[in-house]
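Comments concern the structure below.
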Amino acid sequence: MFLQPVTHWPTRPCIAFTYVRFYSTKTLPPKAGSSHSSKNVSRIARSPSGGHSYQKPFDGNKFAERNEPNGVVNASKPPAEKFRILFFGTDEFAAKHLKSLVRAKSQKNSVVESIDLVCPPDRWTGRKKQILTPSPTRGLAELYNIPVHFTPAGAKNLKEWQMPEKEYDLGVVVSFGYFIPPPVIQSFKYGAINVHPSLLPRHRGAAPIQHTILAGDDETGVTVQELSDKAFDAGRILTQKTLPLDNTLAPRFRDLKDELAGIGSDLLLNTLSDFHAFKANAKEQDESHVTQAPKIEKSWSHVDFTDMTAWQIEQLHRAIGDQYPIRTTFTFSRIKRSKKIKQRFHEVQLLNIYMPESSPVYELDPPLEPGWFMYVETTAKKSRWGKDLHIVCADGNVIAVPHVKVADKDVVSARDFKNGYEIHNDVGWFGHVEEDEVTPGMSGVRITKRREEYAKSIRKRMGLRKKDFERLYRIKLNARE
């Protein structure tokens, strides 16, 4: 027998004789990866305090404290229980929470053992419903090879849905859109929990972030609650975290959603790390402080400038504009050669709305009525975009609109809208215009020219004399015959 220095550890070389192993003169050192490899050999090293630190071979469920004085070895507390999670979620807010669980699962001492996903099936999107689009959570699941289970296609509830034939410890529900039936909740070992982006019991419902902005709240936050089997968002509160809004200038839905998603992801992992303690200290919601946050309807986005103030419209845009852009009606009239009037009532989306610091509209005398607008070009210091439509609202103040989208058309700038829809003298209005109110020369009215007028305008553009133009025109007519 003889001492052999070990200088070929798998991670990095060690100083000779710092670690030693005994080998027989007739036995070669074991290969890395075998049951007797260097990874599984106990090691003893001198600690800074003078004691010894003993590290056992890695065991997924057993750990030992390091740096124990005098060479005493004390076993640490066992790690937190690992959960087999069935995740219910659909949109981008849910996808961020799912990604945080995926990342946590890959970390050492993780409380996540496995993850499965439940989400709606792919749906047809696009103007003609020709694009099959998966939900954000499903796209993430495919990226990380997470098993996916779909809800019934077209179903409004999960009464007929069957749980996967697997055992799960916990259900995690984030922005799912379906009410989870009691049998599903009871099938989990520890029930189910939900991450809700509000400070419950305030803003129970499907759109808490939008209603936080509409209500002008000074604070919001995230709640992790037990999933109730009786009503949406009525479970016991496990933990909450508050986000002040009093120092935030005009929060927008997309920004607030991203910030709350980050808070919720951290809060979810923190809850799982000490789940049983949070569950033991859960508290009931105060029913006297309940407010509702119902689903946003598309009809809310249609505004009436004679009835809504500028700040109400701008606030509505920040709350629901990403989901349903603010809409109004623009009347475009055409006076035909026969003097008949043909009208079209276009639905117009108002995009990127904001409230300007100043506007030349305020200097007009007499002032413009609600619904009227002026095309304004200003310097970048006074305007966010520089070329906007300033629309007068019910309180006399204006909102600025740099981009618009007419139904079935592409998004255009305010300047292109002005030029394309016959806005004369940079002033026009939104709303319905009756046929008897249409007169030549007013904004939003186009006159169909007679053939003689067309010929004159074309001749001027070509820079031809009348005789030369008529000669060329006759040649083209003869060629067609």
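With UniProt numbering as the guide, the letters of the sequence shown map in order to residues 1 to 481. Even for Gly, the Cβ is constructed at its ideal location relative to N, Cα and C. Just so it is clear, the structure is predicted and the values come from calculations on it, not from any experiment.
| Query | Result |
| --- | --- |
| Beta-carbon proximity check, residue 490 vs Pro197, cutoff 9 Å | Any answer about residue 490 is impossible in this case: the structure gives the chain only from 1 up to 481. |
| Proximity to Arg202 [Cα-Cα], best of Lys96, Thr212 and Gly126 | Thr212 |
| Stretch pair the segment 388 to 399 + the segment 295 to 307: three plus CB contacts closer than 8 Å | yes |
| Opening and closing residue of the beta strand (DSSP E) in which Gly171 lies | Leu170 to Val174 |
| Where Lys467 falls, given that 16 or more other Cβ within 10 Å makes a residue buried | exposed |
| Ordered list of beta strand (DSSP E) runs contained in the segment 101 to 173, each at least 3 residues | 112 to 119, 123 to 125, 131 to 133 and 148 to 150 |
| DSSP-derived helix/strand/coil call for Leu464 | coil |
| Distance between Tyr362 and Phe345 (C-alpha atoms, nearest Å) | 28 Å |
| Contact belief for Ala207 with Ile296 at Cβ below 8 Å, rounded distance in angstroms | 5 Å |
| Through-space distance from Thr291 to Lys405, alpha-carbon basis | 35 Å |
| Check: Arg252 C-beta below 8 Å from any heavy atom of the ligand PLP | As far as ligands go, the structure on display features none, and thus does not contain the ligand PLP. |
| Rounded C-alpha distance that separates Asp169 from Ala414 | 55 Å |
| Residue closest to Thr328, alpha-carbon to alpha-carbon, out of Ile131, His317 and Arg334 | His317 |
| Option nearest Glu287 by Cα separation, candidates Gly444, Arg236 and Leu249 | Arg236 |
| CB contact flag (Val174, Leu158, <9 Å) | no |
| Per-residue DSSP class, three states only, for Pro201 | coil |
| Leu143 burial status per 10 Å Cβ neighbour count (16 or more: buried) | exposed |
| Sufficient close CB pairs (3 or more, under 8 Å) joining the segment 275 to 286 to the segment 348 to 359 | no |
| Anticipated Cβ contact below 8 Å, Leu227 with Ile193, distance rounded | 6 Å |
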